[in-house]
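A.B. asks: In the numbering used here, the protein residues as written are 2 to 267.
Note that CB positions come from ideal geometry on N, CA and C, so glycine has one too.
First, the structure itself, so that you have it in front of you.
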Amino acid sequence: MNSDNLPPTEVPQGELQPAGAPTWSPERVVVLLVVATVVVTAGYLLRDDLTLEALAAREVQFRQFQTNHPVAVYLVGFCIYVAVTGASLPGATPMTLVFAWLFGFWRALLLVSFASTAGASIAFLTSRYLLRSAVEARFGKQVKSFNELIEREGGFYLFTLRLIPLVPFFVINLVMGLTSIPLWQFWVVSQIGMLPGTAVYVYAGASVPDLGTLAERGVSGIITPQLLVAFILLGLFPLLIKQLSNSALFQRASLPNSDAENSEST
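What follows is the structure, given as structure tokens:
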């Protein structure tokens, strides 16, 4: 992403991620080849079970199980989402889309909103009470900047970071654990700040038709008015957030231009 296009919302100075491209060591190449071999072999052995018709039949079975045991399904989904986000693992966005496709808009929105906030709070508490030294060693400059801005702006600064995701959420969760912000405020502000983005992705996932429809209609079954609206929302949401970040309200949590440019360049 071109940093010139980023909104002028403050990002604490210092590198958030190691610079430079990953090195391809022999060990990494071997692991990649092993994973590729396993994937290709599994695809070949399960080729009859991976057809669209077979997957559609599995979907029908799952939805029937969901109808018969809704609490168990939602509880398992909730726990999986909390575990992934609490451990700062990748995959939250794909899970949001899949849960929305399986559960529908309102149920998925409720589940994802609370599960993502619960997972973030677990990472927050883990950083505060178990991994303080490690997080300070890794994100020392960010901890200092976050503390200063929390003292100055309170929960509003966290709200801007949640609404305008210039900093990876897992970094926010860990670094915020070392600030003075209380857990209850972290939970409430995080849930409200993440809700608009969550709603957009949930709407997109809920707009995808079931596999049975795709098996009957082919690719044309994917293109629906609802899905087109979802794509439009996904495209417009970052632009809307950028406009909001330029408003006078959001400028309260901004650095002087020179500092912001230095942050974006790191």
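Compute the distance between the beta-carbons of residue 165 and residue 159, then report whether it is under 9 Å.
C.D. replies: Against the sequence shown, residue 165 aligns to sequence position 164. Against the sequence shown, residue 159 aligns to sequence position 158. Cβ distance not < 9 Å, so residue 165 and residue 159 don't count as in contact.
A.B. asks: Is residue 135 helix, strand or coil when you go by DSSP?
C.D. replies: As a first step, residue 135 is located in the sequence shown; it is residue number 134 there, counting from the start. In this structure, residue 135 counts as helix in the three-state DSSP scheme.
A.B. asks: Let me know the secondary structure DSSP gives residue 1 once reduced to three states.
C.D. replies: The structure shown does not extend to residue 1, since the chain is modelled only from 2 to 267, so the question has no answer here.
A.B. asks: Got a sec? Which residues, its chain only, sit under 7 Å from residue 106 by beta carbon, not counting five neighbours each side?
C.D. replies: Translated into positions along the sequence shown, residue 106 becomes position 105. Hits under 7 Å: 203, 204, 207.
A.B. asks: Could you have a look at residue 168 and say whether DSSP puts it in helix, strand or coil?
C.D. replies: Taking the first residue of the sequence shown as 1, we reach residue 168 at position 167. Coil.
A.B. asks: How big is the Cα-Cα spacing for residue 228 and residue 235?
C.D. replies: The residue labelled residue 228 in the question sits at position 227 within the sequence shown. The residue labelled residue 235 in the question sits at position 234 within the sequence shown. Their backbone Cα atoms lie some 10 Å apart in a straight line.
A.B. asks: Check each candidate in 144, 191, 233, 80 and name the one with the smallest Cα separation from residue 181.
C.D. replies: Locating residue 181 in the sequence shown gives position 180, where the first residue counts as 1. That would be 144, whose Cα lies nearest to the Cα of residue 181.
A.B. asks: Would you decide whether residue 130 is buried or exposed? Buried here means 16 or more other CB atoms lie within 10 Å of its CB.
C.D. replies: Residue numbering aside, residue 130 sits at position 129 when the sequence shown is read from its first letter. Flag for residue 130 reads exposed.
A.B. asks: Hey, out of 128, 87, 189, 57, whose CA is closest to residue 176's CA?
C.D. replies: As a working mapping, residue 176 is identified with position 175 in the sequence shown. Minimum Cα distance to residue 176 is reached at 128.
A.B. asks: Could you give the residue range of the alpha helix (DSSP H) that holds residue 280?
C.D. replies: This structure cannot settle anything about residue 280, because the visible part of the chain is limited to 2 through 267.
A.B. asks: Helix, strand or coil: which one does DSSP assign to residue 150?
C.D. replies: As a working mapping, residue 150 is identified with position 149 in the sequence shown. Three-state DSSP puts residue 150 in a helix.
A.B. asks: Quick one: any contact between the region 65 to 79 and the region 106 to 126, if contact means 3 or more CB pairs under 8 Å?
C.D. replies: Cβ pair count under 8 Å is three or more, so yes.
A.B. asks: For residue 80, tell me which candidate among 102, 149, 119 has the shortest Cα-Cα distance.
C.D. replies: Residue numbering aside, residue 80 sits at position 79 when the sequence shown is read from its first letter. With distances taken between Cα atoms, residue 80 lies closest to 119.
A.B. asks: Please look up how many angstroms separate the CB atoms of residue 140 and residue 172, rounded, as I've assumed it's under 8 Å.
C.D. replies: Within the sequence shown, numbered from 1, the residue matching residue 140 stands at position 139. Within the sequence shown, numbered from 1, the residue matching residue 172 stands at position 171. Yes, they are in contact, since the Cβ atoms of residue 140 and residue 172 sit about 7 Å apart, within 8 Å.
A.B. asks: Taking residue 85 and residue 92 to be in contact with their CB atoms under 8 Å, please state how far apart those CB atoms are, rounded to whole angstroms.
C.D. replies: Translated into positions along the sequence shown, residue 85 becomes position 84. Translated into positions along the sequence shown, residue 92 becomes position 91. With 8 Å as the limit, residue 85 and residue 92 qualify as a contact, their Cβ atoms being about 5 Å apart.
A.B. asks: How long is the line joining the alpha carbons of residue 63 and residue 112, rounded to whole angstroms?
C.D. replies: In the sequence shown, counting from the first residue as 1, residue 63 sits at position 62. In the sequence shown, counting from the first residue as 1, residue 112 sits at position 111. The alpha-carbon atoms of residue 63 and residue 112 are separated by roughly 18 Å.
A.B. asks: What do you get for residue 170, buried or exposed, if any count of 16 or more other CB atoms within 10 angstroms of its CB means buried?
C.D. replies: As a first step, residue 170 is located in the sequence shown; it is residue number 169 there, counting from the start. Flag for residue 170 reads buried.
A.B. asks: So, is residue 33 buried or exposed, given that buried needs 16 or more other C-beta atoms within 10 angstroms?
C.D. replies: The residue labelled residue 33 in the question sits at position 32 within the sequence shown. When all chains shown are included, residue 33 counts as exposed.
A.B. asks: Have a look at residue 22 and residue 29 and give me their C-alpha separation to the nearest angstrom.
C.D. replies: Looking up residue 22 in the sequence shown gives position 21. Looking up residue 29 in the sequence shown gives position 28. In this prediction, residue 22 scores a pLDDT of 46, lower than 50, which makes its location untrustworthy; the coordinate-derived value is nonetheless stated afterwards. Approximately 14 Å, taken between the alpha carbons.
A.B. asks: Should residue 57 and residue 196 be called a contact, given that it needs their Cβ atoms to be closer than 9 Å?
C.D. replies: Start at 1 with the first residue of the sequence shown, and residue 57 comes out as number 56. Start at 1 with the first residue of the sequence shown, and residue 196 comes out as number 195. Cβ distance not < 9 Å, so residue 57 and residue 196 don't count as in contact.
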